[in-house]
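J.: Below you will find the structure I want to go over with you.
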Amino acid sequence: MEIRKPMQSALQRLGIFFAMMLACFNLFAADLAPVPALTAPVMDTANMMTPQARQELNTHLLQYSREKGSQIMILTVPTIEPETTFDYATRVMQTWQPGRKDISDGVLLLLVRDERKTHLAVGRGLEGAIPDVYAKRILEDVLRPYLREGKTDEGITAVVVQLEKLIAGEELPEFNTSDTHKSSGGNNSILLLFAILFFGNFFKAIFGRILGSIASGGVLFLLSLLLGFGLITALISAFIAVILSLIIGSNTFISGGGGGSGGWRGGGGFGGGGGFGGGGGFSGGGGSFGGGGASGGW
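Quick note on numbering: the sequence shown equals residues -29 to -1, 1 to 269 in mature numbering (1 follows the signal peptide of the UniProt record, and there is no 0).
As structure tokens, then:
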């Protein structure tokens, strides 16, 4: 009986811990709009654009990314309730990571159809070229008039034109084609490893080796969902966390511890020959986001 009491106590504490974690998750993450998988520069999930305009803009932005290195991404979604446009755009920027790694020259234009809201999220490397006041003017003076007239294609195109002008005025490093779409998987793997080490050691000290490893997997699962990853990815992350936490905790692996101020509203379209090849060849470049940009509506 004396041997079982510590085990029962640990199980009770583990149960309370998971109950608290699930309660927090239900409060802050329930019913959050998912972040769609990035397959093209224009992700028109709310079908706000015409097929022809979407194809032409995809072709143009893909070519722009290949030639300049900077990435401009467009996302339309039906709804994001209960989140704000800033919170949702932040999750998208963290998931897609537009722009080159260490340069962070990526921009996201978000349109929320049902709430009639917009957001322009600017990567760290472009906050000088597109400060918050410029982002606000683009949304209010360029995009909003078109949206109120029902001219979504023209409005999005005009925004892209203004963004490209502002980016062109920034002295960014030249684009090296050999660095095209470097995978950020290495960084994510390192972050995952540190998270497993931290949570694994923390919870194993409280619940013991086995229960602590399970607890660390639960935390990684919830964090993955909060960051916008899908259910399958979250489950895989949790499984890896449990296994690695168990392995790393053994003596076999460790022994001991230890721009311009001219007119803002512009037209112009993108003539496009050919279509956008969506064979999984487009992704973010590993750029970071520091909260720059502005919100709007129509």
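The C-beta atom is built at its ideal place from N, Cα and C for all residues, glycine as well.
I'd like the ranges of any beta strand (DSSP E) spanning at least 3 consecutive residues and lying wholly in the stretch 53 to 83.
T.: You should have 77 to 83.
J.: DSSP state of R194, grouped into three classes?
T.: The residue given as residue 194 occupies position 223 in the sequence shown. Note on residue identity: the sequence assigns Leu, not Arg, to residue 194. Reduced to three states, the DSSP call for L194 is helix.
J.: Helix, strand or coil: how does DSSP classify V6 here?
T.: Residue numbering aside, residue 6 sits at position 35 when the sequence shown is read from its first letter. V6: coil per DSSP, three-state reduction.
J.: Check the C-beta distance from P7 over to M14 and give it rounded, since I have them as a contact under 8 Å.
T.: Position 36 of the sequence shown, counted from the start, is the residue given in the question as residue 7. Position 43 of the sequence shown, counted from the start, is the residue given in the question as residue 14. 6 Å between Cβ atoms; contact.
J.: Looking at the secondary structure, which residues open and close the alpha helix (DSSP H) in which T47 lies?
T.: Start at 1 with the first residue of the sequence shown, and residue 47 comes out as number 76. Careful: T47 lies outside any alpha helix (DSSP H), inside the beta strand (DSSP E) at Q42 to V48.
J.: Using a Cβ-based criterion (distance less than 8 Å to any ligand heavy atom), does T123 qualify as near the ligand NAD?
T.: The ligand NAD is absent from the structure shown, which contains no ligand whatsoever.
J.: At which residues does the beta strand (DSSP E) containing A265 begin and terminate?
T.: As a position in the sequence shown, residue 265 is number 294, starting the count at 1. F260 to G268 is the span of the beta strand (DSSP E), which, as asked, contains A265.
J.: For the beta strand (DSSP E) holding T16, just list the boundary residues, first then last.
T.: To locate residue 16, count along the sequence shown from 1; it is residue 45. Where T16 is concerned, there is no enclosing beta strand (DSSP E), because DSSP gives it neither an H nor an E.
J.: Could you give the DSSP three-state label for A212: helix, strand or coil?
T.: Counting from one through the sequence shown, the residue named residue 212 turns up at place 241. Reduced to three states, the DSSP call for A212 is helix.
J.: For the beta strand (DSSP E) containing G94, list its first residue and its last residue.
T.: Position 123 of the sequence shown holds residue 94. Where G94 is concerned, the enclosing beta strand (DSSP E) stretches over K88 to G94.
J.: Among residues of its own chain, excluding the 5 on either side of G77, which ones have a beta-carbon nearer than 6 Å to its beta-carbon?
T.: Here residue 77 is taken as the residue at index 106 of the sequence shown, counted from 1. Once the five neighbours on either side are set aside, the close Cβ partners of G77 are Q42, P69, G70, G94 and G258.
J.: Going by the beta-carbon positions, is the gap between G268 and K107 smaller than 9 Å?
T.: Position 297 of the sequence shown, counting from 1, holds the residue named residue 268. Position 136 of the sequence shown, counting from 1, holds the residue named residue 107. Cβ distance not < 9 Å, so G268 and K107 don't count as in contact.
J.: Leaving out five residues on either side along the sequence, give the residues of the same chain with a beta carbon under 6 Å from the beta carbon of S75.
T.: As a working note, residue 75 is residue 104 in the sequence shown. So the list reads G94, R95, G96, G258 and S259, once near-sequence residues are dropped.
J.: From T223 to L217, what does the alpha carbon distance come to, in whole angstroms?
T.: As a first step, residue 223 must be located in the sequence shown, where it is residue number 252. As a first step, residue 217 must be located in the sequence shown, where it is residue number 246. Confidence in T223 is poor, its pLDDT being 37 and thus under 50, which makes the residue's placement unreliable; the coordinate value appears in the next sentence. Taking the straight line joining both Cα atoms gives about 11 Å.
J.: Just list the residues that DSSP pairs G257 with in beta bridges.
T.: Numbered from its first residue, the sequence shown carries residue 257 at position 286. Per DSSP, R71.
J.: Figure out for me which residue from P22, A17, L33 and Q23 has the closest Cα to the Cα of T10.
T.: Here the question's residue 10 lines up with position 39 in the sequence shown. When each option's Cα is compared against that of T10, the closest is L33.
J.: Would the beta-carbon of F178 fall within 9 Å of that of L191?
T.: Reading the sequence shown from its first residue, position 207 is the one you call residue 178. Reading the sequence shown from its first residue, position 220 is the one you call residue 191. No, the Cβ-Cβ distance between F178 and L191 is not below 9 Å.
J.: By a C-beta neighbour count over all protein chains shown, 10 Å radius and 16 as the cutoff for buried, is V83 buried or exposed?
T.: Position 112 of the sequence shown, counted from the start, is the residue given in the question as residue 83. V83 should be labelled buried.
J.: Tell me which same chain residues have a C-beta within less than 6 Å of the C-beta of S208, skipping the five on either side of it?
T.: Here residue 208 is taken as the residue at index 237 of the sequence shown, counted from 1. Non-local C-beta neighbours of S208 in its own chain, meaning closer than 6 Å and more than five positions away in sequence, comprise L191 and S195, ordered along the chain.
J.: Could you work out which residue in L206, E86, L3 and T123 is closest to Y59 when comparing CA atoms only?
T.: Along the sequence shown, one-based indexing puts residue 59 at 88. Of L206, E86, L3 and T123, the residue nearest in Cα terms is L3.
J.: So is Q23 buried or exposed if we call it buried at 16+ other beta carbons inside 10 Å?
T.: Sequence index remark: in the sequence shown, residue 23 carries index 52 (1-based). Exposed, by the Cβ-count rule.
J.: Can you grab the Cα-Cα spacing for the pair V130 / Y105, in whole Å?
T.: Position 159 of the sequence shown holds residue 130. Position 134 of the sequence shown holds residue 105. Straight-line Cα distance between these residues: approximately 11 Å.
J.: Give me the Cα-Cα distance between D112 and S184, rounded to the nearest whole angstrom.
T.: Numbered from its first residue, the sequence shown carries residue 112 at position 141. Numbered from its first residue, the sequence shown carries residue 184 at position 213. If you take the alpha carbons of D112 and S184, they lie about 53 Å apart.
J.: What are the start and end residues of the alpha helix (DSSP H) that includes K39?
T.: As a working note, residue 39 is residue 68 in the sequence shown. Counting along the chain, the alpha helix (DSSP H) containing K39 begins and ends at P22 to K39.
J.: Using a 10 Å radius around the Cβ and a threshold of 16 neighbouring Cβ atoms, would you call E52 buried or exposed?
T.: Indexing the sequence shown from 1 puts residue 52 at position 81. By the 10 Å Cβ count, E52 comes out exposed.
J.: Using only the alpha-carbon positions, how far apart do G255 and G188 sit?
T.: As a working mapping, residue 255 is identified with position 284 in the sequence shown. As a working mapping, residue 188 is identified with position 217 in the sequence shown. Rounded to whole angstroms, G255 to G188 spans 27 Å at the Cα level.
J.: Relative to the alpha-carbon of A121, which residue among T21, F253 and G40 has its alpha-carbon at the smallest distance?
T.: The sequence position of residue 121 within the sequence shown is 150, counting from 1. This sequence places Gly at residue 121; Ala is not what is there. Between G121 and the set T21, F253 and G40, the nearest pair of CA atoms involves T21.
J.: Suppose you measure from the CA of G126 to the CA of I109; what does that come to, to the nearest Å?
T.: Numbered from 1 along the sequence shown, position 155 holds the residue referred to as residue 126. Numbered from 1 along the sequence shown, position 138 holds the residue referred to as residue 109. Looking at the two C-alpha atoms, the distance is approximately 10 Å.
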